[in-house]
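**Q** Residue numbers for the sequence shown follow numbering that gives the first Met the number 0, so the first one is 0 and each next one is one higher. A single structure is presented below for examination.
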Amino acid sequence: MRLEREFAVMLGHVAVLMAISIVAVASASLDVAAARYGDAFLILRRWLAYWVVGWAVLGLSAYAPWDRLRRASFALVLGVVVLALLPLVPKLGVRINGAARWITLGGITLQPAEFLKPALVLYLAHYFDRKGDEGQSGRAIVPPLVVVGLSAVALLLQPDFGDAVLLVGVALAMAVAAGVPGRLLVLVLVLGALAAAAVATYAPYRFARLLAFIDPWAHRWDSGYQLAQSLLAFGSGGLFGTGVGLGIQKLFYLPEVFTDFIAAAWAEETGFIGVLALLGTFVVLIVRMLAWA
Numbered sequence: 000m001r002l003e004r005e006f007a008v009m010l011g012h013v014a015v016l017m018a019i020s021i022v023a024v025a026s027a028s029l030d031v032a033a034a035r036y037g038d039a040f041l042i043l044r045r046w047l048a049y050w051v052v053g054w055a056v057l058g059l060s061a062y063a064p065w066d067r068l069r070r071a072s073f074a075l076v077l078g079v080v081v082l083a084l085l086p087l088v089p090k091l092g093v094r095i096n097g098a099a100r101w102i103t104l105g106g107i108t109l110q111p112a113e114f115l116k117p118a119l120v121l122y123l124a125h126y127f128d129r130k131g132d133e134g135q136s137g138r139a140i141v142p143p144l145v146v147v148g149l150s151a152v153a154l155l156l157q158p159d160f161g162d163a164v165l166l167v168g169v170a171l172a173m174a175v176a177a178g179v180p181g182r183l184l185v186l187v188l189v190l191g192a193l194a195a196a197a198v199a200t201y202a203p204y205r206f207a208r209l210l211a212f213i214d215p216w217a218h219r220w221d222s223g224y225q226l227a228q229s230l231l232a233f234g235s236g237g238l239f240g241t242g243v244g245l246g247i248q249k250l251f252y253l254p255e256v257f258t259d260f261i262a263a264a265w266a267e268e269t270g271f272i273g274v275l276a277l278l279g280t281f282v283v284l285i286v287r288m289l290a291w292a
């Protein structure tokens, strides 16, 4: 009974976050959708469709054969790595802004890399659980290192540097939770940092983005434009924001305002209080999830 109550509370937090996202996407996308597609509500309708699918998948996951999936997690994650390479196949992959991260099936655009995240988490959780204390040795962490490395390479080929870093970060966090010794983690972290630095500086555009991230104002008219505009949005919000629907940056000043930079639009319209409420909801949800686990 207690577990059911905790689960219901967590679902409540998820519902609150999704309700916030509906408001944020609606406010940020109407003008862009009207100008780009001639239909102010097109982006919002698409997002609501994904919202419904997400809840349906969540409901179906309660009936998933998790024991079988755990045992098949290694084959599953390798299969998803291959799936993540499909966007590189000519005529199957879809390039957007120079990146081949999507495939189109039956008129639906999918990003295979998104399936890689839960598959890798399932594999690592099963591996560390099965190995127990043995999984803390140097030899035992080699298999997960190889799997994480292959997953990161599949993402880098698209290229998707951000998700590759995120994937490695999640893997490191799970290794810490599994009790892998600090000296091994430090070694892996140093090697990973060197590899990330090499990858980041290899491509000129990626190096330019890195410099823009460090100092967006020095590059505000080129590679740092979006970051600079997002900081302006955060600053313009003040304590209480401009009001929902009354933001300025969404009026074609901040590109991709309804996707990658939706947080900036939310900050401008709801201010420090709105951002604090959003982060607080995330923190409470994470704490409850960890306690429930």
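Every residue, glycine too, gets a C-beta built ideally from N, C-alpha and C.
(1) Identify whether V100 lies in helix, strand or coil by the three-state DSSP scheme.
(2) With C-beta atoms as the reference, is L231 less than 8 Å away from H218?
(3) Tell me, please, whether the segment 232 to 250 touches the segment 258 to 273 by the rule of three or more beta-carbon pairs shorter than 8 Å.
(4) Can you list, in chain order, the residues of its chain whose CB lies under 7 Å from that of A118, leaving out five sequence neighbours each side?
(5) Do you know whose CA, among L154, Q228, E255, V145, lies nearest R35's CA?
(6) Indicate whether the contact test is met: 3 or more Cβ pairs, each with one atom in the segment 273 to 286 and one in the segment 48 to 67, closer than 8 Å.
(7) How far does the alpha helix (DSSP H) with R70 in it reach, from first residue to last?
(8) Classify Y62 as buried or exposed, calling it buried when 16 or more other Cβ atoms lie within 10 Å of its own Cβ.
(9) Which residue from L156, I213, A227, Y224 puts its Cα closest to that of Y201?
(10) Got a sec, what are the start and stop residues for the alpha helix (DSSP H) F114 sits in?
(11) Are the CB atoms of A7 and A83 nearer to each other than 8 Å?
(12) Which residue from A227, A163, A23 puts its Cα closest to that of A199?
(13) Using a 10 Å radius around the Cβ and a threshold of 16 neighbouring Cβ atoms, would you call R100 buried or exposed?
(14) Could you tell me which of K116, D159, V187 sits nearest to R138, measuring between CA atoms?
(15) Among the residues of its own chain, which have a CB less than 8 Å from the CB of F304, if the five just before and after it don't count?
(16) Distance check for R69 and L121, CA to CA, integer angstroms please.
(17) Taking DSSP as the reference, what is the three-state secondary structure of L156?
(18) In terms of DSSP beta bridges, what is L109 paired with?
(19) Using the C-alpha atoms, what's the distance from R182 back to A18?
**A** In short, the structure shows the following:
(1) Counting from 1 along the sequence shown, the entry for residue 100 is found at position 101. In the sequence on display, residue 100 carries Arg and not Val. Correct three-state label for R100: strand.
(2) The residue you call residue 231 lines up with position 232 of the sequence shown. The residue you call residue 218 lines up with position 219 of the sequence shown. No. Outside cutoff.
(3) yes
(4) As a position in the sequence shown, residue 118 is number 119, starting the count at 1. These residues qualify, in order along the chain: L75, V76, V79.
(5) The residue you call residue 35 lines up with position 36 of the sequence shown. For the residues L154, Q228, E255, V145, the minimum Cα distance to R35 belongs to E255.
(6) no
(7) For the purposes of this step, residue 70 is taken as the residue at position 71 of the sequence shown. Its alpha helix (DSSP H) spans residues 65 to 70.
(8) Here residue 62 refers to the residue found at position 63 when the sequence shown is read from its first residue. Looking at its Cβ environment, which holds fewer than 16 other Cβ atoms inside 10 Å, Y62 is exposed.
(9) If you number the sequence shown from 1, residue 201 lands on position 202. Looking from the CA of Y201, the closest CA among L156, I213, A227, Y224 belongs to L156.
(10) Indexing the sequence shown from 1 puts residue 114 at position 115. According to the DSSP assignment, F114 belongs to the alpha helix (DSSP H) that extends over 112 to 130.
(11) Translated into the one-based positions of the sequence shown, residue 7 becomes position 8. Translated into the one-based positions of the sequence shown, residue 83 becomes position 84. Contact flag unset, no.
(12) Numbered from 1 along the sequence shown, position 200 holds the residue referred to as residue 199. It is A163.
(13) Numbered from 1 along the sequence shown, position 101 holds the residue referred to as residue 100. Answer is buried; the Cβ neighbour count reaches 16.
(14) Counted from its first residue, the sequence shown places residue 138 at position 139. The shortest Cα separation from R138 among K116, D159, V187 belongs to V187.
(15) In this structure the chain extends from 0 to 292, so residue 304 is not present and cannot be described.
(16) Mapped onto the sequence shown, residue 121 falls at position 122. Mapped onto the sequence shown, residue 69 falls at position 70. Straight-line Cα distance between these residues: approximately 7 Å.
(17) Start at 1 with the first residue of the sequence shown, and residue 156 comes out as number 157. Coil, per DSSP.
(18) Reading the sequence shown from its first residue, position 110 is the one you call residue 109. Paired residue(s): I102.
(19) The residue you call residue 18 lines up with position 19 of the sequence shown. The residue you call residue 182 lines up with position 183 of the sequence shown. Going by the C-alpha atoms only, they are around 43 Å apart.
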